[in-house]
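Notes follow the structure.
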Ligand code: SF4
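In the working numbering, the protein residues as written are 3 to 333.
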């Protein structure tokens, strides 16, 4: 890509840049929070979480001093809670962020994308940033069917020569998000179109991956009683540190209901997409008359998005259910 075309893309970016709250941000901690959110959340959806997180934890130090449970609660709804746990761990491991991609990569939970984004956007290091949008733009522009990640990173690094790294990387990301979109790219409006090798058949680059996503069925048990909803705290895994209703396979579900002495009723289904799994959750529930250990106020706990969906389905219906008594403990 020659310098003239780069300048054309930068001029397009200056004229059409999305007004995202982290645009132009140079504070490395704020850039880090934005980039961690953007790893799995679309820019428009990430904005309210970005504001909320930084309002409560305005500095790396404030984040380091907060209890993990509070960090997870503030992150609630943004999903992929490992990101919040990693941010917290990182804040506790350094008092300030290092300036280079290489040093950033050595921090806990920081991968190539986040390290490059913070280095380029906050510190102006001459490195490329490859996210899904940039991968698609580069693959199409150079007509690469199946580029390896290493090849794309090398290419992205080389392209930063002669341009401002922050503006350039954000321009490429915006082009992918707004013009060179996965479906129906607007090649007629694209500043790179005069030299784009892939514009005759953009859908061929990069070659679409075939994903087979199996649907997994889980059973959720929602018990509403005096004092709130029955919630369990996950100690590890994807939902580590979060509270949720029991989510089980069918056999374990009925064993749990029997052990608790409840006869739940079917309330409906919710669907939920994870990175490599599609979930169909069958929601069952009952209203309890007597207190039960584990009943608590869900609004006071960090909940996963999936649990929020399940409760959104179950609680309005359970509010009208007849109340049932639990059998005596020895029964
Ligand atoms: S011309 Fe079309 S395919 Fe090429 S970069 Fe622009 S939008 Fe993408």
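Glycine included, each C-beta is placed from N, C-alpha and C at the ideal position.
Buried or exposed: residue i, going by 16 or more other Cβ atoms within 10 Å of its Cβ?
i           : result
residue 239 : exposed
residue 39  : buried
residue 277 : exposed
residue 306 : buried
residue 130 : buried
Is the CB-CB distance between residue i and residue j below 8 angstroms?
i           : j           : result
residue 289 : residue 226 : yes
residue 31  : residue 62  : yes
residue 120 : residue 106 : yes
residue 170 : residue 162 : yes
residue 297 : residue 231 : yes
residue 146 : residue 158 : no
residue 49  : residue 22  : yes
residue 319 : residue 269 : yes
residue 236 : residue 229 : no
residue 124 : residue 33  : yes
residue 58  : residue 70  : no
residue 204 : residue 142 : yes
In the DSSP assignment, find the alpha helix (DSSP H) that holds residue i and state where it starts and stops.
i           : result
residue 6   : 5-18
residue 35  : 30-40
residue 322 : Counting along the chain, residue 322 falls outside any alpha helix (DSSP H), and DSSP gives it neither H nor E.
residue 178 : 167-180
residue 52  : 45-58
residue 115 : 114-123
residue 159 : 151-161
What number of angstroms, rounded off, separates the C-alpha of residue i from the C-alpha of residue j?
i           : j           : result
residue 135 : residue 287 : 42 angstroms
residue 116 : residue 138 : 18 angstroms
residue 241 : residue 254 : 19 angstroms
residue 83  : residue 74  : 7 angstroms
residue 234 : residue 177 : 44 angstroms
residue 104 : residue 223 : 46 angstroms
residue 7   : residue 198 : 10 angstroms
residue 333 : residue 261 : Bear in mind that the predicted position of residue 333 carries a pLDDT of just 34, short of 50, making it too unreliable to give a figure here.
residue 206 : residue 190 : 18 angstroms
residue 112 : residue 187 : 31 angstroms
residue 52  : residue 41  : 13 angstroms
residue 331 : residue 37  : Confidence at residue 331 is low in this model, with a pLDDT of 42, below 50, so its placement is unreliable and no value can be given for it.
residue 182 : residue 81  : 27 angstroms
residue 96  : residue 60  : 16 angstroms
residue 55  : residue 282 : 30 angstroms
In terms of residue numbering, what span does the beta strand (DSSP E) encompassing residue i cover?
i           : result
residue 274 : 267-275
residue 71  : First-last for residue 71: 70-77, but that is the alpha helix (DSSP H), not the beta strand (DSSP E).
residue 283 : 280-290
Mind checking who residue i pairs with in its DSSP beta bridge?
i           : result
residue 298 : 231
residue 217 : 280
residue 245 : 235, 305
residue 226 : 231, 289
Using a Cβ-Cβ distance cut-off of 8 angstroms, determine whether residue i contacts chain C.
i           : result
residue 292 : Here chain C cannot be found, since the structure has a single protein chain.
Problem set entry | Lining residues of the ligand GTP - beta-carbon closer than 7 angstroms to any non-hydrogen atom, in sequence order | Ligands in the displayed structure: the ligand SF4; the ligand GTP is not one of them.
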